[in-house]
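Engineer: With the sequence shown counted from 1, adding 7 to any position gets you the numbering used here.
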Amino acid sequence: MKKPQWSQPDLAADQFLYQRKGPWPQPSPSYPMEHAPEILNIPPVETLLWNQAIGSRYFKTLTFYPGGAAANAVAGSQLPIPSDAEFVRMMTNSVHARCLKNVEGNIWVSRFYAMDLIADATLQGTYSWPVNCVFSRNGDQFSCVSINVPVIAQQQLEVRPGDPAWNLAKAYALQGASYIGLFVVHPALHFPMDTVNAITKTAVPHTHPLFQLLSAHSSYALAVNNAVLETEDGVLSSNPPGTWFDPLTATGLVIKRMFGAGYAGLPERPDLYPKYNYMTPWMDTSIDYGRCLSLYFEPFLSFCTTVASEILKASPNDTYVERWANYISANLYGFPDGKEIFVPGVLAKALAIYMWDVTVSHAADHYSYANDITPQAPGPAGTNLAAWKFLRLRVPPPKELSDGAGVKLVGDVCEPDDLYRAEMAEEMFFKSATIWPNLFDTTYAFTSPQLLQAQLKFHADLKIISGKVAAIMPNFMPLVAGDPEDPKYSERYSRTISASIQY
Ligand SMILES: [Fe+2]
8 MKKPQWSQPD LAADQFLYQR KGPWPQPSPS YPMEHAPEIL NIPPVETLLW NQAIGSRYFK
68 TLTFYPGGAA ANAVAGSQLP IPSDAEFVRM MTNSVHARCL KNVEGNIWVS RFYAMDLIAD
128 ATLQGTYSWP VNCVFSRNGD QFSCVSINVP VIAQQQLEVR PGDPAWNLAK AYALQGASYI
188 GLFVVHPALH FPMDTVNAIT KTAVPHTHPL FQLLSAHSSY ALAVNNAVLE TEDGVLSSNP
248 PGTWFDPLTA TGLVIKRMFG AGYAGLPERP DLYPKYNYMT PWMDTSIDYG RCLSLYFEPF
308 LSFCTTVASE ILKASPNDTY VERWANYISA NLYGFPDGKE IFVPGVLAKA LAIYMWDVTV
368 SHAADHYSYA NDITPQAPGP AGTNLAAWKF LRLRVPPPKE LSDGAGVKLV GDVCEPDDLY
428 RAEMAEEMFF KSATIWPNLF DTTYAFTSPQ LLQAQLKFHA DLKIISGKVA AIMPNFMPLV
488 AGDPEDPKYS ERYSRTISAS IQY
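1) Grouping DSSP H, G and I as helix and E and B as strand, with all else coil, what is residue 426?
2) Specify, as a first and last residue, the run of the beta strand (DSSP E) that residue 144 falls within.
3) Hey, could you find the ends of the beta strand (DSSP E) residue 261 is sitting in?
4) Excluding the 5 residues preceding and the 5 following residue 213 in the sequence, name in chain order all residues of the same chain whose CB lies nearer than 7 angstroms to its CB.
5) Mapping DSSP to helix, strand and coil, what is residue 149?
6) Between the stretch 228-245 and the stretch 67-77, can you find at least three pairs of beta-carbon atoms closer than 8 angstroms?
7) Using C-beta distances below 7 angstroms, list every residue in its chain close to residue 132, excluding the 5 sequence neighbours before and after it, in chain order.
8) Is it a yes or a no for the stretch 102-115 touching the stretch 450-457, going by three-plus beta-carbon pairs under 8 angstroms?
9) Taking the alpha-carbon positions, what's the residue 473 to residue 180 distance?
10) Quick check: residue 81 and residue 382, are their CB atoms within less than 8 angstroms of each other?
11) Tell me the DSSP secondary structure of residue 420 in three-state form.
12) Going by the CB atoms, is the gap between residue 229 and residue 53 shorter than 8 angstroms?
13) Can residue 166 and residue 405 be called in contact, C-beta distance under 8 angstroms?
14) Where do the N-terminal and C-terminal ends of the beta strand (DSSP E) with residue 504 fall, by residue?
15) Just how far apart, CA to CA, sit residue 394 and residue 299?
16) For residue 44, count the other beta carbons within 10 Å of its own beta carbon; 16 or more makes it buried, fewer makes it exposed. Which is it?
17) I need the boundaries of the beta strand (DSSP E) containing residue 64, first residue and last residue.
18) By the three-class DSSP mapping on this structure, what secondary structure does residue 445 have?
19) Is there at least one non-hydrogen atom of ligand 1 closer than 7 angstroms to the beta-carbon of residue 373?
20) Assuming residue 300 is part of the alpha helix (DSSP H), what are its boundary residues?
21) Whole angstroms are fine: how far does the CA of residue 88 sit from the CA of residue 411?
22) Rounded to whole angstroms, what's the CA-CA distance from residue 399 to residue 77? Just pull it up for me.
23) So what does DSSP say about residue 327, is it helix, strand or coil?
24) Considering Cα atoms alone, identify which of 343, 313, 478 and 441 is closest to residue 456.
25) Could you check where the beta strand (DSSP E) with residue 163 kicks off and where it finishes?
26) Assuming residue 173 is part of the alpha helix (DSSP H), what are its boundary residues?
27) Counting C-beta neighbours from all protein chains within 10 Å, is the total for residue 430 16 or more, i.e. buried, or is it exposed?
28) When DSSP labels each residue in this structure, what does residue 270 get in the three-state scheme?
29) Give a yes or no on whether the C-beta atoms belonging to residue 529 and residue 496 are separated by under 8 angstroms.
30) Between residue 360 and residue 205, how many whole angstroms is the CB-CB distance? I'm expecting something under 8 angstroms.
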């Protein structure tokens, strides 16, 4: 019997990974109108893999890390509130720079307006507040002008460096950057991609080059995202005090209000929180962090252009590409439909966005959050201190310039238990923990010589870009781990760009 071709329109179910009974997007159970669609039925084999590779790491951390977390928490509480230089470094030369927008001339603002969505429902004794942080920019140098704290409707307290309230305002700005990053921006990298992931696995035959390309970057995400969204005692706990590690200032259901700002957008502030659009991911080249993300996009686009043209050369109106695009566009804002996908360049771009999002764009955020939003020296546990994330604040936001005058140390605004939890969550959920094979070691099940060649070129191109990126931002996530004989090789490997969403 002749082997069926991947482009044949009537392939039998046995030519699909899950016999066409695989995962599929559904409306989010908690916020169906605001959140990206969710995959609620995870293939059992993917849950097994998650338990073995990721769940087991959580249990190890819970068992063996509490002593280290406590030592770091004590050291963290004695840290000063970051100096202005450290504050500007963190806000402008890290993942936090995703919030920076040029408003006019040399004035740049990070607005944390969406903090308002949780400010009325924080845990007792903790506070959050939608502050704005204003910077001026001279060449590549940013300096802080003011932190504006809304006091009553239409009125803001403008706190400037040197004001008694300045340290407290900086803690609120760093808290805003953490929460907007973790719960508005980062979820928009995670959850929309599940729709592409699931539909590729269910509706594209496993011999199709599109499947072969994307499945290499889709191993863990469905189970990871399901664990984040649907586990009652996970990082978004329904009872934070009842866990040992939830460091957040509100329950999971309240925190999840912020996810909607990154997907459905906020209708009252479309300028700050527009509706998600799959085809226009953030890579602002006027900021170093965005420039690095944009440079990395080039090799993905070039690789995907070759794969797309091989697909369309063999099968110009490929039925599986058409169905794939129609299924996804029915679920995901901005995704091209079964007609648009055949416009020249569109299939390549849609493929490249998926691959780049779930590898570089996602992993670099975790790396930067763990390695940049921290003092330069590690804590007593040998890991980076989480104290400057200010995930819980115990002092209300300033209403007058004289408020918070006594705030000098992290321990003046956070309790030791808050910091202990932040250290546990850092080790479990926030830091990167890349599993082999990373992006650079990923290979594809292509059986065509042209595509095998394209894969080799992709790896060579990634290597060249990683050099360019390191020259712009030496602190950007590395692509490779260096010498395998180095005793720290496996630790370094865990901080290289991952092949998929796995943390
Ligand atoms: Fe993540």
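Even for Gly, the Cβ is constructed at its ideal location relative to N, Cα and C.
This structure is a prediction, so every number in the text was calculated from the model and none was measured.
Structural biologist: Judging by the given coordinates:
1) helix
2) 139-145
3) No beta strand (DSSP E) holds residue 261; the alpha helix (DSSP H) holding it covers 259-262.
4) 22, 23 and 24
5) DSSP places residue 149 in strand when its eight states are reduced to three.
6) No, the stretch 67-77 does not touch the stretch 228-245.
7) 401
8) In short, these stretches do not touch, since the Cβ pair count stays below three.
9) 31 angstroms
10) no
11) coil
12) yes
13) yes
14) Residue 504 -> no beta strand (DSSP E), and no H or E assigned at all.
15) 27 angstroms
16) The Cβ neighbour count for residue 44, taken over all protein chains shown within 10 Å, is at least 16; the residue is labelled buried.
17) No beta strand (DSSP E) contains residue 64, which is instead part of the alpha helix (DSSP H) from 63-71.
18) coil
19) Taken from the Cβ of residue 373, at least one heavy atom of ligand 1 lies inside 7 angstroms.
20) 295-321
21) 12 angstroms
22) 16 angstroms
23) helix
24) 313
25) 162-166
26) 173-187
27) buried
28) If DSSP states are grouped into helix, strand and coil, residue 270 belongs with the helices.
29) Within the shown structure, residues of the chain are numbered from 8 to 510, placing residue 529 beyond reach of any answer.
30) Wrong, their Cβ atoms sit about 17 angstroms apart, outside the cutoff.
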